[in-house]
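Colleague:
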Amino acid sequence: MQDNLAAVGLFVVSGAVALSIPAVRARLSSMRTGVALLAVVAALSMLGVLIGQDLPVESYSARFGPVVGPFVARSGLASVFGTWYFLAAAWALTLSVLSCSLGRILRLARSGRRGSVRAAALGSLVTHLSLAAVVAGGVVTATLGFRRADGRFLAAGHTTEVPEGGFALEVIEASTEFDESGALKDYVSIVNVIENGESEGPHRIEVNHPLTVNGVSVYQYEMLPSPDSVESVLLGVVLNLPDGASDPVELLVPFGEEKELPDGGLRVKPLEFLSDFTYDIDSSTAGLRSIWHDNPAVLVRVSAADETVFERWLFVGARAHADDEDLPCRLYFLDYEPDFRNGLTRFEYSRQPGTPLVFGGLAALSVGMCVVLWTKMSRREGS
Amino acid sequence: MNGPDAVFFWAAFACYLAGTVVASLYAGLRRPGLRRASLALTALGFAASTVGLIVRTALSGHLPVTNLYEYLTFFAWAIVAGFLLLWKREDLRLMTVFGAPVAFAMMVVASLFPSDIEQQLIPALQSHWLTIHVTLAVLGEAAFAVAFVSSILQLVAGRGGTGGASGARTAGPERGATGRPAARMGDPARLDEITYKAIGVGFPLFTVGALFAGAVWAQRAWGSAWSWDPKETSSLIVWLVYAIYLHVRLVRGWRGRGPAVLSIVGFALTFFTILGSRILGGLHSYG
């Protein structure tokens, strides 16, 4: 932040010095300069759009070749909106607008114009000053604000400290909601706010509805289904009958519930689920390699008359175990319905202290330009 | 195509296509009956498109502006609305028939995208700002489309050496016109005036809709009013180009070729902004 403040200070001081020199002010307030600067900012922005921003260097080499690609990355064009030349152009444009506004204020104060001419002049002044307000708001946010995603996903019961907020969030529930047709409806986190040892809530955070506490807004950023539970598993069942293997059948089994296999004597129950299965040989335990669903596995138990016949980890897309021919049945893990009710949530935190200036500026800009255009057009109609 | 609104989409498509053919004939032959026929076909297409949009709104439960098919269909509707507002202007006889070709072009592009009706919007789009942001932006862009056509006609007319900034001729010859094609386009000064007025209407709408409402929604949804997303940035470029247009037009008093070229560039960038997120990705890639 100190670097940002130093840069802003440098810009403000250099701007004030520039505006205090009449010749520089005259140059900056000329329409030719203003239009040229608008064109430069537009051209650099266009470059930024076409080149693509903040991509890995390799992707620029892939897109533009081995010579131009690294040049794009080195010259700053890959992050053009933070380069000194873009910031300088934007700053010069702001100075031009300010200088122009200064001239307008002086002219407006001196002139005895009334009616629509004065309204147009005032509208024009408001339009130009509001642009400066928008830029100022952006600078305030860039200098004093922040926007940061939480580094980890949180499950119900987890707590996280909110950066620069002075409070923590305790996740009560993280779920993905669907409508009756099964279409995605919303990502919802229910949280308690913990501040000074006091817990307050619950609060609902969803997309488009952040929670704001102490000036820091908490946004619903990402949501994943549970990594260690599912709603149900779809099994393929082949019975090893004395006269050979039966035809395969599909069996949908709710997680944690027991269901009878087609022959009537055996029952199957999914005991555990791991979205990214890994196995520690030393401790002989299965575990999660990650929270992603990269290697889903389910532990099932097959029993007969309350006696366990066998337990197996089954893997999506994998064949049955080698020795399954000796068992009364072979099971295949065909698919599963993820558990979206007990998911993992991830937040983004943001404080944007310049926002009131930006929105106020944009509102004033809209009003100002409407006044200018309306008065100019109605004058033209009248004449 | 699926959904009952597709019938109205294709009806509008056919009307605009027929309107384009008749408009071309009118541009060459200058028979008043052809202009009337072209306008009637355009109005018919507009009515079909209106019904289609209403049906789609009723079926989906939200304004149909959530993917490129819907956006471009709505955009075509708004463009035609803009041209129909001018149809009584006697001095803009040729220009008024150009609503159908522009709308037809938009409908052709729209037809290339999936038209499935999504009753349940994705979480990011579930906001009343969707209606405000997109509707105002589309209306502003439609006004830019009107300015685009008048600028092209102005450039062609200007090449013929008639009219000029003096605006000597207020209405082009109709039946029996024997002048060069450029002379038939209309009075360049009048076309220049239409360009200016269309941009004068479109610029505030675009500012409020695309930039202001968009910034408010972005703050609410993404935690920042501005993210230098490709669509945001290209909208800013469009805004800068039209800002330059208004400066040179209002402050410097420029008329003629220069501002007309800026208006054409502005609309080309507007169209790039609409389709750009499809190519460039970013936060606005919804479909």
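Taken in order, these protein sequences are the chains called A and B.
According to this note's numbering, the first sequence is numbered sequentially starting from 1.
According to this note's numbering, the second sequence is numbered sequentially starting from 1001.
Built from N, CA and C at the ideal position, the CB exists for glycine as well.
Which residues in chain B sit within 8 Å of residue 161/A, going by Cβ to Cβ distance?
Modeller: By Cβ distance, chain B contributes nothing, its closest Cβ being about 18 Å from residue 161/A, past 8 Å.
Colleague: Which residues, in chain order, does the region 27-39 of chain A contribute to contact with chain B at a C-beta distance below 8 Å?
Modeller: Correct list: 31, 34, 35, 38, 39.
Colleague: Helix or strand or just coil, what does DSSP make of residue 413/A?
Modeller: One cannot answer for residue 413/A here, as it falls past the ends of chain A, which runs 1 to 383.
Colleague: Taking the alpha carbon of residue 1264/B as the reference point, which residue from 1043/B, 1211/B, 1141/B has its own alpha carbon closest?
Modeller: The shortest C-alpha separation from residue 1264/B is found at 1141/B.
Colleague: Who are the neighbours of residue 376/A on chain B, taking C-beta pairs under 8 Å?
Modeller: Those are 1200, 1250, listed as they occur along chain B.
Colleague: Determine the burial state of residue 120/A: buried for a count of at least 16 other Cβ atoms within 10 Å of its Cβ, exposed for fewer.
Modeller: With 16 or more other Cβ atoms within 10 Å, it is buried.
Colleague: Taking the straight line between their C-alpha atoms, what separation do you get for residue 951/B and residue 371/A?
Modeller: Past the edges of chain B, shown from 1001 to 1287, lies residue 951/B, and the structure says nothing about it.
Colleague: Distance, Cα to Cα, residue 1104/B vs residue 1083/B?
Modeller: Between residue 1104/B and residue 1083/B, the C-alpha separation is close to 13 Å.
Colleague: Taking all protein chains shown into account, decide if residue 1128/B is buried (16 or more other Cβ within 10 angstroms of its Cβ) or exposed.
Modeller: Exposed, because fewer than 16 other Cβ atoms sit within 10 Å of the Cβ of residue 1128/B.
Colleague: Using the beta-carbon count (16 or more within 10 Å), is residue 175/A buried or exposed?
Modeller: Buried, since its Cβ has 16 or more Cβ neighbours within 10 Å.
Colleague: Can you tell me which of the three DSSP states residue 15/A falls into?
Modeller: Correct three-state label for residue 15/A: helix.
Colleague: Using a beta-carbon distance below 8 Å, is residue 1241/B in contact with chain A?
Modeller: Yes, contact with chain A.
Colleague: For the region 236-249 of chain A and the region 277-285 of chain A, state whether three or more C-beta atom pairs, one from each stretch, are separated by less than 8 Å.
Modeller: Verdict: no, contact absent.
Colleague: Take residue 40/A and list the residues in its own chain whose beta-carbon comes closer than 7 Å to its own, dropping the five residues that flank it on each side.
Modeller: Counting only Cβ-Cβ distances below 7 Å, and skipping sequence neighbours, we find 89.
Colleague: Using 8 Å as the threshold, is the region 1092-1100 of chain B in touch with the region 1022-1031 of chain B, meaning 3 or more CB pairs across them?
Modeller: Contact between the region 1092-1100 of chain B and the region 1022-1031 of chain B is present, because at least three Cβ pairs lie under 8 Å.
Colleague: Can residue 1205/B and residue 1139/B be called in contact, C-beta distance under 8 Å?
Modeller: Yes, the Cβ-Cβ distance between residue 1205/B and residue 1139/B is below 8 Å.
Colleague: Check whether the region 103-116 of chain A touches the region 36-55 of chain A, counting contact only when three or more Cβ pairs, one atom from each stretch, lie closer than 8 Å.
Modeller: As far as the Cβ criterion goes, the region 103-116 of chain A does not touch the region 36-55 of chain A, which means the pair count is below three.
Colleague: Report yes if the CB atom of residue 364/A is closer than 8 Å to the CB atom of residue 117/A, and no otherwise.
Modeller: No, they are not a contact pair.
Colleague: Do you know how far the Cα of residue 14/A is from the Cα of residue 139/A?
Modeller: Answer to the nearest angstrom: the Cα atoms are 15 Å apart.
Colleague: For a quick check, are the C-beta atoms of residue 147/A and residue 307/A less than 8 Å apart?
Modeller: No, the Cβ-Cβ distance between residue 147/A and residue 307/A is not below 8 Å.
Colleague: Going by the DSSP bridge assignment, what does residue 388/A pair with across the sheet?
Modeller: For chain A, the structure presents residues 1 to 383; residue 388/A sits outside this window and is missing.
Colleague: Quick check on residue 69/A - is its C-beta less than 8 Å from some C-beta in chain B?
Modeller: No, its Cβ sits nowhere closer than 8 Å to a Cβ of chain B.
Colleague: On the CB-based measure, 16 or more other CB atoms within 10 Å of its CB, does residue 1119/B come out buried or exposed?
Modeller: Burial call: exposed.
Colleague: Quick one: what's residue 220/A bridged to in DSSP?
Modeller: BP columns for residue 220/A point to 347/A.
Colleague: For the region 168-194 of chain A, which residues have a CB atom closer than 8 Å to at least one CB atom of chain B, in sequence order?
Modeller: Against chain B - using a Cβ distance shorter than 8 Å - the residues of the region 168-194 of chain A are 179, 181, 183, 184, 185, 186, 187.
Colleague: Is DSSP giving residue 278/A helix, strand or coil here?
Modeller: Note: residue 278/A maps to strand in three-state DSSP.
Colleague: Express the C-alpha separation of residue 55/A and residue 61/A in angstroms, rounding to a whole number.
Modeller: Computed Cα separation, rounded: 11 Å.
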